[in-house]
Each structure stands twice: as structure tokens, then as C-alpha cells.
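Chains as they are written, first to last, in this note's numbering: chain G, 1 to 364; chain H, 1 to 235; chain F, 1 to 256; chain L, 1 to 303; chain B, 1 to 352. For glycine and all other residues, C-beta sits at the position ideal for the given N, C-alpha and C. Contents: one structure, followed by commentary.
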Amino acid sequence: AGKTSGTSSQSGGKASGTIKIAVAGPMTGDNAEYGKGFVNAANMMVEQWNAKDGVLGKKIEVVPYDDKNSGEEAASIAQKIVSDKDIIGVIGHFASGVSMAAAPTYQENKVIEISPSASHPDYSGMGTYIFRNNTVINVEAAAGLDMAINDLGKKNIGIISIKTDWGTSTSAIVKKLVTEKASTGVKVVAHEEVMEGSDDYSPAITKLNAAGADVVICVGMYNLVAPVSKQYKQVNPNIAVVGFSNAYSQQLLDLGGKAVEGLRFPVIFFSGSENPKVKTYVDEYKKRFGSTPSALTSQAYDSVGILLEAIKTAGTTDRAKVRDAVAAIKYDGVTGNTVFNEKRDVQKSFVKVTVKDGKFVEIK
Amino acid sequence: MLKISNLNTFYGHIHALKGISMEIKKGEVVSLIGSNGAGKSSTLGSIAGLVRTQSGNVTFMDKDITNMSPHNIVKLGISLSPEGREVFPALTVQENLRLGAYTKKDKVKMSESFTRVYDLFPRLKERIKQTAGTLSGGEQQMLAIGRALMSEPQLLMLDEPSLGLAPNLVLMIFELIESINKQGTTILLIEQNANMALSVSHRAYVLETGNISMTGNAKELANDPRVKKAYLGIG
Amino acid sequence: MAYLKVNSITKQFGGLVAVDKVSFEVEKDEIVSIIGPNGAGKTTIFNMLTGVYGIDSGEITFDGTPIHNTMPQNIVDIGISRTFQNIRLFPNMRVIENVLVGTHIRTKYGFIDTLFRTPRYKREEAQKTLRAIEILNSIGLGNRINDYAQNLPYGEQRKVEIARAIATDAKIILLDEPAAGMNPQESEELLRFIRELRDKGYTIILIEHDMNVVMNISDRIYVIDHGKKIAEGLPADIAGNQQVIEAYLGGVKKDA
Amino acid sequence: MSGILTRNCVATVIIQQLFNGLALGMAYALIAVGYSLVFGILRLINFSHGAVYAFSAHIALLFVGLNFGIIPAIILSIVLTGILGVLIDKTALEPLRMNNSIPMASLITTIGMSNIIQNLLMIFFNTERKSFPAFFDFGMIKFGSVQVNSTQVVMFVVSLILLVFLTLIINKTKLGLAMRATEQNSKAASLMGINTNFVISATFFLGGASAAIAGVLISGYYQIVYPGMGFMVGLKAFAAAVLGGIGVLYGSVVGGLVVGVSESYAATFMGSSYRDSVAFIILILVLIIRPTGLFGKKDIKKV
Amino acid sequence: MDKNLEKGKSKNFILILESFIEKYKVPIAGVSALILLGLPFMGFSQYIMRIFIMIGIYSMLALGLNILTGYTGLVSLGHAGFYAIGAYTASLLSLKLGANFLVAAIGGAVLAAICGLLVSLPTLRLKGTYLSIVTLGFGEIVKMILINWDKVTNGTLGLKNIPRPSMFGLKLTLVNNGMYYLMLVLVALITLLCTLLIKSKIGRAFMSIKEDELAAIMMGIKTTRYKALAFVISAFITGITGAFYASMIGFIEPNSFTFDISTLIISIVIFGGMGTIRGMFLGSAILIAFPEVFRFLMDYRFVVYGLVLVLMMRFRPQGMLGWKSQMPYKLPKLVKESLKKNNKDNLKTQQI
Ligand SMILES: Nc1ncnc2c1ncn2[C@@H]1O[C@H](COP(=O)(O)OP(=O)(O)OP(=O)(O)O)[C@@H](O)[C@H]1O
Ligand SMILES: Nc1ncnc2c1ncn2[C@@H]1O[C@H](COP(=O)(O)OP(=O)(O)OP(=O)(O)O)[C@@H](O)[C@H]1O
Ligand SMILES: [Mg+2]
Ligand SMILES: [Mg+2]
């Protein structure tokens with residue numbers, strides 16, 4: 001399993017010979033896998049830079065911070081991060097709500113926050129230093145829906161969404177999009193919200209099935225999509241399932257087994273891609289951490305790259321200048337071309353992916 | 001049979017037993033008298049393994065039982081009817097008595113013991129299915145004594161057995177002590193009613209704030225002016 | 001009419017009639033004892049008097065008003081207070097605090113007085129503390145006020161319980177085997193103390209198995225057996241009553 | 001939402017959810033029994049029980065991963081989890097008993113233990129959800145329009161057998177009598193010749209083992225294992241135990257079933273986000289009417 | 001034997017310590033006040049100041065729970081619920097109605113207190129574990145309501161941009177240490193409230209219920225009323241703390257008020273020393289600072305945290321400062337005076 005191999009330093013205060021990048025996310029607790037993924041990715045990226053003499057002639061250091069995915073801890077950590085003058089920016093935090101709890105502190109202290117995972121529409125609006133390297137929900141929702149309606153040709157849509165800020169917002173958008181297409185005969189036959197961490201989805205499934213859904217849009221991480229597919233296929237083996245990019249991870253296959261065969265979803269990062277850049281990255285990651293990087297991990301990887309590139313462009317560690325450089329960046333990473341719009345959000349193109357014979361394959 | 005030497009027992013900072021030594025021979029009835037808080041119950045507790053002792057030792061039939069756990073001590077044949085009755089409140093009278101014979105395997109002997117206890121205390125027989133917690137104070141006391149008898153111990157220790165019993169039952173208890181002693185059970189007795197205790201005992205020890213202040217033949221002690229004044233309420 | 005009048009009260013537990021149509025009366029400033037064999041129903045009578053058990057039938061009047069439907073927490077207010085057969089102190093509170101809890105219902109200051117430490121609060125706290133000290137002194141625990149109740153020996157704990165009962169300013173005090181666990185000397189002292197109480201104007205009902213205490217102190221005695229009253233009268237009458245001797249006192253005392 | 005469903009559908013859903021609820025409820029019952037056993041003997045809420053349950057699933061998974069085969073893995077898990085229960089008692093709780101410390105100290109100790117176990121699981125097994133083999137899936141059984149999952153049937157039956165077995169131990173064996181005596185008054189129990197520490201350890205073993213059986217069954221049912229899996233399940237099972245009258249084993253069974261079924265229905269007819277609190281709402285309603293739970297006995301303490 | 005001699009000494013040590021504190025209480029109080037007031041000027045980073053504030057917050061929570069659990073003996077496992085109610089109510093009052101902090105906080109505290117009353121009323125017949133599980137359920141139900149009542153609570157999205165308190169035209173923030181001083185004021189007020197309550201017939205009634213409820217009833221104490229009162233006061237304090245927390249952190253969501261928070265509060269109460277006021281401060285200082293100080297342990301942080309709880313209970317089950325006072329009972333001033341006078345009178349009469 002993946003190991004975090006970051007050298008952590010707790011010393012704050014005076015500026016020294018290194019440039020530090022904080023990686024903040026859940027390192028303990030239920031979502032630790034994501035925070036650890038961030039750290040792994042950051043370390044990989046930073047080592048590449050350090051191998052080429054770092055940035056501005058200084059070595060780069062990754063400092064991991066554990067926020068337990070709690071807003072309160074995140075706010076506390078943010079204080080700690082901003083009091084370290086060597087830290088230019090933060091990659092993190094994980095959940096939108098948590099990122100938003102920390103954002104005001106970063107904004108007040110002019111520290112760049114790039115979240116590889118926050119998707120709440122309001123997140124990047126928290127301040128000029130607050131960036132997101134994750135697609136905003138609307139875009140992704142449209143892509144997912146497109147697969148359900150146009151690629152699969154289904155009309156009776158069922159939605160299962162996870163009851164978190166992200167799940168609630170995403171499912172609301174999907175519903176809105178469906179209503180706009182009502183004239184074509186598409187409709188949402190049922191929408192069920194489920195709690196994170198309850199492993200029994202049969203009540204929701206029973207209802208969707210009874211309502212006659214022929215495709216289920218599953219708004220959740222792999223840990224929702226896999227069990228839902230499994231439990232749904234026991235009731236209705238013909239059900240089609242569409243997911244979102246953050247369901248894209250190796251665990252989905254491990255956990256879902258046969259049940260996730262044929263599952264479709266849009267991603268901005270595809271590990272099976274032929275793109276040589278992606279290939280080397282994926283191979284290297286596998287070699288070091290023993291698993292395939294997930295979409296979110298890869299976005300963290302690119303986020304670090306963006307930040308370092310911006311420092312290099314700015315030619316200084318002055319945070320205001322770096323910020324401007326981030327805002328103006330055009331970065332070609334493993335998750336495609338990254339450009340921040342005026343809302344500090346990214347626009348990326350999607351690749352459609354499905355599961356075939358226990359592997360992710362791109363739908364051409 | 002039982003030998004205690006130089007026993008020291010503490011409760012936190014309270015030095016309850018300050019190096020007491022005593023001996024009980026097989027077939028004796030020995031009583032332990034002393035005022036409130038003198039350390040009588042602590043002595044029994046130390047013998048039964050309920051209270052840990054800091055130093056000194058206790059031997060029972062030449063076996064060192066100092067700080068052995070209570071359940072092992074019981075198996076050697078020592079049984080205690082403790083201060084405050086300590087019945088099992090939610091269990092029935094029958095179950096309480098059954099537990100008294102927990103260490104015994106022999107079914108026949110056990111039913112004999114039941115018969116004996118019910119003969120002694122017909123009231124318990126009437127209340128056989130009642131939960132012990134709802135018994136009256138005196139009934140609970142009978143149960144505690146009956147329970148201690150169930151294991152047919154070699155050494156029976158009774159901590160204020162007459163507490164809360166009606167006068168007729170008090171008389172009965174003292175008769176009982178004499179009769180089971182005659183059948184060969186050795187008895188160590190604590191009583192507030194020193195008068196009666198001395199009348200059924202062979203020997204006695206007087207405890208004063210953790211020390212043994214006097215010891216001797218029960219009859220002689222009963223006539224000792226100091227004992228008379230302090231514990232018998234005479235003079 | 002009698003001060004406390006108990007008229008034909010009954011209490012059943014399942015099939016068992018623990019108290020069976022028992023009647024008795026207590027006059028003001030009297031010491032009345034209830035005696036009887038173990039399990040006769042004496043404690044149950046106390047529990048009925050204090051509202052711990054409801055009564056199945058019959059009635060209890062105190063100073064002319066019926067009290068048998070009173071909740072236990074209101075009994076003290078009416079003027080009846082008790083001690084328990086198995087001591088029930090507040091073990092981790094100091095002796096004086098135990099007694100102060102007894103004064104609770106006679107302390108009238110409220111929440112606001114507490115928060116603002118009004119003169120009323122100060123006055124009452126002082127009064128009640130003095131009262132508590134006075135009671136403890138009179139029962140011989142003057143040197144124990146600072147001790148935690150659980151650290152006291154058995155006999156003294158009993159005294160604290162009595163002190164706490166007195167502190168409620170009750171008119172009738174019910175004592176359930178107060179001399180249990182005391183040696184002859186200590187029960188002698190207790191005897192003296194109970195008499196003093198009576199002389200100060202308390203009415204006392206006593207349950208006790210120590211005949212030395214009972215016969216010396218009681219103005220009158222009721223004898224209960226199997227839930228029924230089997231005798232009543234002056235101590236001398238009871239001591240000679242054949243039925244009582246058989247059911248309760250037992251054969252000739254060995255050490256009389 | 002139910003407006004969308006036709007009447008026939010509603011009937012199907014009701015029956016379907018009844019089966020789902022019963023299977024789930026039986027599993028709750030098994031975990032609840034663990035709370036009940038320990039509470040029964042120590043009057044202690046063992047907050048580490050949820051973590052113990054999660055531990056059992058990971059151990060089973062570990063041995064499956066090491067190619068022990070599913071059955072030996074399960075047996076090893078049951079034994080090791082039982083031992084973990086004993087260890088918790090021996091290392092943390094027994095010393096407290098020896099010191100006669102306040103009950104709250106034990107409560108905090110179990111909270112601490114829960115922290116330790118759960119975080120160690122996270123360190124050694126990572127937090128992601130892992131797949132557990134569906135080792136007792138024999139396909140669907142159809143009754144008309146209602147489908148019953150064979151796993152559900154297995155879960156129900158196995159749990160039932162186990163619960164009957166435990167009830168027999170407690171009510172019919174000498175160990176059971178010793179357990180009840182120790183619960184009532186451990187000092188007196190030791191004076192009767194009962195090795196109370198052994199009895200308590202045995203109880204913890206039974207509690208751990210039943211948690212392991214629940215852990216394996218539930219993991220096999222959902223085919224998901226992760227360190228945090230015991231938390232909510234643990235709380236709800238605890239609620240189930242209290243609902244039935246904590247300390248009473250058949251009460252735990254009824255409590256577990258009530259919680260399981262009502263949860264399924266609540267999730268169906270009110271929405272999944274209500275499911276976790278239904279257990280508590282029912283619990284509170286029951287306790288208002290019956291302060292010691294459905295089958296709980298009042299504490300007997302004579303005045 | 002040595003061990004017990006030591007124990008004897010430690011008992012003496014408590015007496016010595018207590019007499020020392022009693023003797024120098026004015027200078028000690030003065031110095032502590034100075035330190036507390038001066039902390040912001042000692043060059044601590046904002047991060048450290050924030051931890052101080054969190055310690056203050058948890059001290060208040062612990063003081064609140066202590067009334068219920070430490071003094072009255074009712075174990076609540078759902079105080080996160082009251083905390084949440086205080087936080088949400090106050091935030092909503094200030095976000096939607098523009099109420100200022102004081103009004104909002106009192107609003108939050110009052111609603112929490114009302115909920116305290118509502119929880120207590122039907123459950124006062126319950127004993128021990130049964131009561132605890134109901135409070136646990138209450139905490140979960142509050143969370144469920146927060147999640148599902150989207151219209152008001154904004155569901156899982158939580159409430160953002162909760163305004164900071166402003167007083168005398170000054171906006172209190174972390175940077176200007178306004179929040180720190182506001183915390184000090186609140187902690188002082190709540191401590192005072194608890195002390196006043198405990199040293200009165202109300203406090204004695206609470207304690208007697210904890211010690212022996214039936215005996216308390218027989219002393220005429222309306223135990224149901226006092227238990228409800230304990231709930232109300234406890235919930236009030238917790239609610240006000242919630243209001244302060246919300247305005248400090250600026251963002252709340254249902255997940256800020258989980259069962260873990262409830263257990264943390266109760267751990268602090270026991271860790272510090274149940275039924276003492278002093279213990280609450282030390283307890284929260286240690287348990288709040290711990291995870292921060294031991295960040296370097298990374299993954300093992302919470303394993304060690306659990307270990308600390310276990311070991312602590314093993315070696316000091318009564319809590320860090322949970323000793324029983326060895327000093328003589330503090331008699332009211334009036335009593336002391338009158339006792340002195342009596343003594344003199346006695347002497348006089350004797351002389352005559
Ligand atoms: N569990 C305990 N904790 C602390 N002190 C205790 C404990 N048990 C007894 N003591 C103290 O030890 C001393 C001896 O007590 P013990 O119970 O042995 O006396 P006793 O002679 O049996 O008195 P009594 O006649 O009251 O039963 C007393 O001072 C008592 O306060
Ligand atoms: N709650 C109860 N449930 C069932 N039986 C009870 C209950 N309370 C008391 N009893 C029974 O009622 C009878 C009377 O009990 P009570 O306690 O009044 O006796 P008592 O006269 O005080 O005896 P003692 O002198 O032994 O204290 C007893 O036989 C007892 O077993
Ligand atoms: Mg004794
Ligand atoms: Mg009685």
C-alpha cells in the first residue's frame with residue numbers, strides 16, 4: 001500500500017534556504033487515503049524539481065498537515081501554515097466544506113490555496129488566493145448526463161447521491177439539466193440521497209428499481225459507486241450505472257468486481273491513457289506506491305506542478321506575485337491543459353471511460 | 001489451623017491493621033471484639049483475601065494464603081459471611097444458596113446442604129423464589145449466613161451475624177454456632193454483642209485501633225474489668 | 001385525635017401480604033417502638049409512612065390531614081423524616097454537608113439569591129450552617145464536621161443519618177434499627193440522645209431489635225408479626241406477653 | 001417520493017425491506033449482544049466494541065489475503081477477536097477493578113481503547129474500503145415478486161443459532177450462573193469461590209467472538225471492509241441493546257430486529273439520511289414508556 | 001508498605017498544596033490573571049493563540065457538562081447536540097436577522113437550555129446507562145435535523161461567513177486578539193456561575209442526587225426539578241460556548257458536532273477530575289493541546305492519544321486534579337463570627 005515518504009518539518013518562523021509547500025488533507029481518519037494520495041503525488045512532483053535544482057535555486061520541501069477532514073482542524077492548521085513564512089502555497093484541503101473553513105485564513109494571510117478536490121461552486125469565490133484544480137460540478141454533471149442519455153440511450157434516470165455538500169450540489173445540477181431536456185422524454189424517476197458510510201443501500205435501490213429506473217447516476221466516490229452497483233445488480237442485473245470522476249480509482253475495480261463492468265463515467269485524468277506523459281507518471285507512481293493514482297491524486301500532482309511553475313515564472317517567492325502567476329498559468333500536466341478562468345476555476349476536457357474486463361478503458 | 005503473624009493492612013493512607021498476630025486451633029470458636037473501626041472486619045477481609053495486606057502472613061493448615069485470591073481461599077475450606085450481607089440482589093434465594101456451594105461438585109451433598117439451611121431458616125424456604133434484594137434486612141442476614149454454610153467449610157468466619165436479627169433468631173444463631181462447632185467446624189466470630197460472643201467462644205482477641213490489646217480465655221476476658229467497661233456496657 | 005394515625009393499612013407484594021391491616025397511633029412527644037420478627041413488615045410500614053411505597057388500602061393521617069397519597073419528596077415538608085435500615089448517607093460529602101442537605105427544604109432562598117449572593121442567601125446559609133453544627137454537637141459529632149461521611153465508622157455514620165433527619169425540622173422522626181452494629185456502650189449513648197430529642201419536642205417512631213434499647217426508651221410498643229399487629233402496650237406488658245415471647249423474643253434470655 | 005410508486009410496488013417494497021431489515025437487524029443483534037454481555041457483567045458501556053467488530057473483519061480479510069481459505073480465516077478471526085476482547089479487559093479494565101475506581105474511568109478507558117484499535121487498523125490496513133469475499137452468496141431466492149437474498153437468510157439463521165447458544169450458556173451453565181453472580185456483586189461472588197476475573201475474561205471473549213461473527217457476516221454481506229466500519233454500526237447496536245433492555249440477551253435480539261427493520265423502512269419512506277437516527281428515536285420513545293427498555297429488569301434495591 | 005507511606009505523603013501533599021493556595025490566593029490569582037491577560041503580548045503566533053482559544057472553549061464545555069455529570073451524576077453522551085444548537089441558533093440569528101453577537105449568543109444559549117429541558121423532562125425517570133443512551137441519541141437526532149432541514153440549516157453545506165462579534169464599534173478577530181479576550185470574559189463568567197451554584201443549597205442538592213438519589217428524595221429534595229435544572233444550566237453554558245465557537249470559526253456544518261465531540265468533552269471532564277472546577281481547565285489544556293503538540297507523530301497521533309486516556313485512567317482514575325479537598329469545610333463568614341462570639345461568651349460565663 002501507499003506510503004507517505006515526505007520529510008516533515010515543523011519549524012516555523014524565519015525564512016530559510018528552502019521553499020515549502022504545504023499539503024493539507026485527511027492523513028488520519030476515514031478519508032486518510034485521499035490526504036495520503038495528495039502527499040504521495042506532491043512528493044513525486046517535488047522530487048522531480050529538486051532533481052533539477054529545485055526552483056529559484058532553492059530546494060523544495062513538502063510539509064504534510066493532517067486536518068482529519070474536519071473544518072475545525074483545518075482552520076487550526078491553516079493558522080499554523082500561515083505562520084510559516086517559507087510556505088508559499090497549500091495543496092488541499094480535501095472536502096469542499098473543509099477547504100472553505102480554512103480558506104479565509106489563507107486569504108487573510110495571502111497564502112495560495114489550490115484544492116485538487118473541492119468542487120463546491122462557492123469555494124473559489126472565497127478569495128483571490130483561493131484556486132481549484134478540479135472541475136466545477138456543472139461541467140462534469142453535464143458530461144455524465146450526456147453519457148447516460150446519448151451514449152446509453154436511456155430515458156428513465158434514477159439518481160443516488162451521497163449526502164455531502166458535493167453530492168447535494170451535484171445531484172441538484174443533474175436534476176436541473178434533466179428538466180431542461182424534458183422535451184426529449186428524459187426524466188428523473190427517483191432521486192435518493194444516502195449517508196456517507198452506510199454500507200447498506202438497499203432501501204434506496206429498492207425504491208429506484210420500483211420506480212423503473214433504467215440508468216442510475218451515482219453521485220459519490222468509489223466507496224458509493226462500487227457497493228451500489230453490486231447491490232443494484234442483484235436486484236436488476238441490467239441496470240446501467242454512470243459515475244463521476246472521483247469514483248475513478250483502483251479501489252473501484254477491487255471493490256466492485258464484476259458488478260462495475262460496463263460502468264461509465266467522465267474523467268479528466270485517465271491512467272490508461274496513451275499519452276507518454278501520463279504513462280511515465282502512472283508507471284512511476286505504481287512503482288513507488290504500489291497502486292494506480294486516482295484522479296484526485298493526479299490533480300494534486302498537477303497542482304503542485306502549477307504552483308512550482310508559477311514560482312519559477314514569477315521569479316520570486318513574493319506570494320502576491322506568485323498568485324498572479326498562478327492565475328495566468330497555462331500548464332500542460334497529466335490531467336490535461338490547465339487554465340484558470342476569472343473565477344479561479346479550471347476548464348478541462350473530459351475523457352469517457354468505462355470498465356471492461358476488470359480494466360478501465362477509454363470510450364472512443 | 002489458622003495462623004496470622006504480624007499482619008499490616010492499609011486502606012490508602014489509613015493503617016487499619018498494625019501488625020496483628022493471632023492463631024486459631026482446629027475445633028475452636030474464637031471471637032474478635034472491639035469497638036467501631038477497630039479493624040475487626042479488616043482482619044476477616046485480610047484472611048479471606050478481600051483486602052490486600054502489605055506485610056505479614058496468613059497460613060491456613062500450614063499453607064501460606066497471604067494475598068491469595070478469595071476464590072482460591074474458599075476452595076481450601078474457608079468461608080465468610082461478610083459484613084453488610086452482600087447477597088446477590090437480583091438472584092433468587094435458591095440461586096444465592098446454590099452459589100454458596102459453587103465450589104462443590106457433589107450433587108447429593110449439595111442437596112443435603114440445601115435441606116440443612118432450609119431447616120435452620122424456614123423463612124428462607126418460604127421465600128425460595130423471591131429475589132434476595134427484596135428480602136427484609138433480617139432475612140438477608142439469614143441468607144448470608146445460610147450461604148456461608150452451604151460450602152460446609154472447615155473454618156467459618158461470621159462478621160456480626162446477629163446484626164439486624166430479632167432476639168429469638170439471635171439466640172438461634174448462637175445455638176447454631178455451638179452446634180456446628182460441635183460437629184467439627186472451626187469458627188471465627190465478630191460480634192458487637194460481646195457478651196454473647198464470649199459466652200459461646202473458647203478464646204477471644206480484643207482489637208483496639210488496629211492492635212490486639214488483649215487475648216485469652218473467653219470466660220476470663222468476660223470478667224476482665226477493662227473488657228466489661230469498654231465492650232459489655234457494664235460498670 | 002391522635003397526632004399520627006395509621007388506620008388499617010395494607011401492602012401486598014405479589015401474593016405476599018407484607019403489611020396486613022395494621023393500625024396504630026402515635027401521640028405528640030412520644031417514643032413509640034415497632035418490633036417484631038424479621039420480615040414482619042416493619043420497614044415496609046416505614047416505607048408506607050414516607051411514601052416510598054403506595055398503600056394498597058387504609059389511610060394515614062398526620063395532624064388531622066390524610067397523607068397517604070403524598071409523594072416521598074413531599075413527606076419531609078409535611079414533617080416526617082427518617083433514617084434507613086441500611087445506612088444511606090451521601091458518602092463523598094462531608095458530614096456537615098450531609099446535614100445541610102437535611103436543611104434543604106427549610107432553606108428558602110432561590111436561584112437568583114444564589115447567583116447574586118443576596119443578604120437573604122447569606123443570612124440563611126449562616127443560619128442553617130449554625131443549626132447543622134448545633135445538631136452535630138448535640139449528637140456528639142462536633143469534631144467530625146469536616147470529615148467525609150464515608151470515612152466514618154459505622155456507628156458514627158448512623159448518628160450522621162439521625163442528625164440529617166433532625167435537620168429537616170421534622171416533627172416525627174422514624175428510626176429504622178438505629179442501634180444495629182453498635183456495641184452496648186454506644187447504644188447506651190444513643191438511648192440518651194433519643195430521649196433528649198423527645199424532650200426537645202420531637203415525636204419518635206423506632207424500629208429496633210435491641211431489647212435493651214426498646215424496653216428502656218419506649219413509651220409504648222407495637223408488635224407486628226407476619227404483617228399483622230399482634231400486641232400493643234407498655235414495655236412491661238409486652239415483655240410479659242406470651243405471644244410476643246413466642247414469636248419474637250424467644251426462650252429465656254441466657255445472659256439476663 | 002412515494003407518489004411515484006404504484007400501489008403494487010409499494011407492497012413489494014414493504015416486503016423487500018422487511019427482509020433487508022431483518023437480516024440487518026440480526027447482525028445488529030449480534031453486535032448488541034456483545035454490549036449486553038459486557039454490560040451485564042460489569043455495568044459498563046464498552047465503547048471499544050465497535051472497533052473490535054471492525055478488527056474482526058480486518059483479521060478475517062488478512063487471513064483470506066494470506067490464502068488461508070475462508071473458513072479457517074473466519075475461525076482465526078473469531079478466536080483472535082475473542083482474545084482481543086480478553087486483552088482489552090486484562091490490560092485496561094482489570095487494573096481499574098483492582099483499584100475500585102469510579103465507573104466513569106472504565107468508560108473513558110474503553111473510549112481510549114477504541115481510539116487505539118481503530119487508528120492502528122487505519123495504519124496497518126489503510127482507510128480505503130477493501131473488498132471482502134461474498135463467501136455465502138447462493139444467489140437470490142424468489143417468493144413471487146419478492147426476492148430474498150440467500151446471504152440474508154444465512155445471516156439471519158447463523159445469528160439466531162449463535163444467540164440461542166449464548167442464551168443457553170448464560171441461563172443453563174455454571175459459567176452462566178457465575179456470570180450473573182459476578183454481575184450482581186463481584187466481591188460476594190469471589191467469596192463463593194468464583195474466579196471473577198476469569199468469568200469476566202470469558203465474557204469478554206464471548207463478546208469479542210460474537211462481534212467477530214457479526215463482523216464476518218456483515219462484511220460478507222456488503223463485501224466491504226474498512227477501519228471506520230464499526231462506528232455507526234456500533235452506536236446503533238448499542239441503542240438496540242438498550243432498547244431491548246441491556247443485559248438481557250433476547251432483548252438484544254428483539255432490539256436489533258426492531259432497529260434493523262425500522263431503519264430499513266425509514267430509509268425507504270423518509271429517505272436514507274434519516275436512517276441513522278431512527279434507532280435513537282424509537283429508543284427514546286420506548287424508554288419514555290418503559291424506562292428499562294423492552295425486557296429490562298428494574299434494579300432491585302430495597303429501601 | 002513503602003507505597004502506602006508514599007500515599008500518605010501524597011495526601012499530606014494535597015493538604016499542604018491546598019493550604020498554600022489558600023494562604024496566597026490573592027497573589028496567585030493576580031499572577032494568573034496577569035499571565036492570562038498578557039498572553040497575547042508574549043509573541044505567540046496566531047496558531048498558538050488559536051489553540052489557547054480552543055482550550056478556553058473546551059474549558060467552558062467541560063464546565064457545562066461537569067454541572068450535569070460531575071456534580072449531579074447524570075452522564076451525557078450528547079452534549080455536541082447542545083453545542084450545535086447554540087452554534088446554529090446564534091449563527092442563524094446573526095446571519096439572517098443581523099443580530100449582534102450578544103443577542104445571538106444568548107438566543108443560542110436559551111434555545112439550547114430549552115432543548116435541555118425538553119430532553120430532561122421525559123427522561124428523568126431513567127437511570128445511568130439508559131439516560132446516557134438517550135442523550136447520545138439526542139446528539140445524533142440533532143445532527144440529523146441539521147443535515148435534513150436544508151431550508152434553515154443549509155444542510156450538509158453548513159453555514160458560512162458567520163460574522164465575528166463586534167463590541168464598542170470594534171470588530172473582534174483573532175488578529176486583534178479580541179476573540180481571545182472575549183473568550184477570557186466568557187470563561188470567567190461561566191466559572192463564576194458554576195462556583196456560585198455549587199456553593200449553595202442548589203449545588204448540595206445536585207451532589208446529593210449523585211450520591212444517593214433516594215436518600216435525597218427522602219430529604220425532601222425535588223430531584224426531578226433539580227435534575228432538570230442541571231440539564232438546563234449545563235445546556236445553557238454549552239449553548240453559549242457553541243455561539244462563541246461559531247463566530248470564532250466562521251463556518252459550521254453538521255459534521256462539526258459529532259459524537260466524537262461529545263466524548264471529547266466527557267473525557268476532559270473525567271481527565272481533569274469530575275466534580276471539580278479546577279480540573280476542567282487542566283483537562284482541556286492537556287487534551288486539546290495534545291493532538292497539536294504531537295502532530296509529528298502523524299499516523300500514530302490518535303493511537304497515542306487513546307493510550308494517554310487509558311494510562312491516565314489506570315494511574316489516576318479520579319482525574320488529574322480530582323482530589324477531595326482536605327481543607328476544613330469553609331464556613332460562611334457570618335457563622336465564623338458568631339462561633340467566635342459564642343466561644344467568647346462561653347469563656348466569659350465560665351469566668352464568672
Ligand atoms: N474500604 C475502606 N476504605 C477506607 N477505609 C476503610 C475501609 N474499610 C475500613 N476502613 C477503615 O479501616 C478501619 C478499620 O475498619 P473495620 O471495618 O475493619 O472495623 P471494624 O472493627 O469491623 O468496625 P465496625 O464495628 O464498624 O464494623 C476503620 O478506621 C475504617 O474507617
Ligand atoms: N419489594 C418487595 N418485593 C417483595 N417482597 C418484599 C418487598 N419488600 C419487602 N418484601 C417482603 O415483605 C416482608 C416484610 O419486609 P420488611 O422489610 O418490612 O421486614 P422487617 O419487618 O423490616 O424485617 P427486618 O427486621 O428483618 O428488617 C418480608 O418478608 C420481605 O421479604
Ligand atoms: Mg466491621
Ligand atoms: Mg427492616
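Going by other Cβ atoms of all chains shown within 10 Å of its Cβ, with 16 needed for buried, is residue i buried or exposed?
| i | result |
| --- | --- |
| D159(H) | buried |
| G305(G) | buried |
| M1(B) | Low confidence applies to M1(B): its pLDDT is 39, below 50, so where it sits in the model is not reliable enough to give any reading. |
| E83(H) | buried |
State the DSSP-derived secondary structure class of residue i, mapped to helix, strand or coil.
| i | result |
| --- | --- |
| G14(F) | coil |
| D260(B) | helix |
| I33(H) | strand |
| V79(L) | helix |
| F24(F) | strand |
| Y24(B) | coil |
| L37(L) | helix |
List the residues that DSSP assigns as beta-bridge partners of residue i.
| i | result |
| --- | --- |
| D64(H) | T59(H) |
| T9(H) | L17(H) and T53(H) |
| L175(F) | L206(F) |
| Q147(L) | K142(L) |
| S81(F) | I173(F) |
| T43(F) | Answer by DSSP bridge pairing: none, since T43(F) is not bridged. |
| G275(B) | According to DSSP, which records beta bridges pairwise, G275(B) is partnered with nothing at all. |
Check whether the Cβ of residue i lies closer than 7 Å to any heavy atom of ligand 2, and answer yes or no.
| i | result |
| --- | --- |
| R127(H) | yes |
| S33(F) | no |
| I277(L) | Note on residue identity: the sequence assigns Ser, not Ile, to residue 277(L). Answer for S277(L): no, Cβ out of range of ligand 2. |
Just checking residue i against ligand 4 - is the residue's beta carbon closer than 7 Å to any of the ligand's heavy atoms?
| i | result |
| --- | --- |
| Q130(H) | no |
Is any heavy atom of ligand 1 found at a distance shorter than 7 Å from the C-beta of residue i?
| i | result |
| --- | --- |
| N143(F) | no |
| I133(F) | no |
Taking only heavy atoms of ligand 3 into account, decide whether any of them is closer than 7 Å to the Cβ of residue i.
| i | result |
| --- | --- |
| S81(H) | no |
| D159(H) | yes |
Scan the region 203-283 of chain L and note each continuous alpha helix (DSSP H) run of 4 residues or more that stays entirely inside, going in chain order. 230-244 and 249-269
Closer than 5 Å is what we want: which residues have a beta carbon that near any heavy atom of ligand 6? List them in chain order. With respect to small molecules bound, the structure shown includes ligand 1, ligand 2, ligand 3 and ligand 4 and not ligand 6.
My parser needs the alpha helix (DSSP H) runs of 4 or more residues fully inside the region 24-106 of chain G; what are they? 32-51 and 71-82
Going residue by residue through the region 200-246 of chain G, where are the continuous alpha helix (DSSP H) segments of at least 4 residues, counting only ones entirely within it? 202-210 and 222-235
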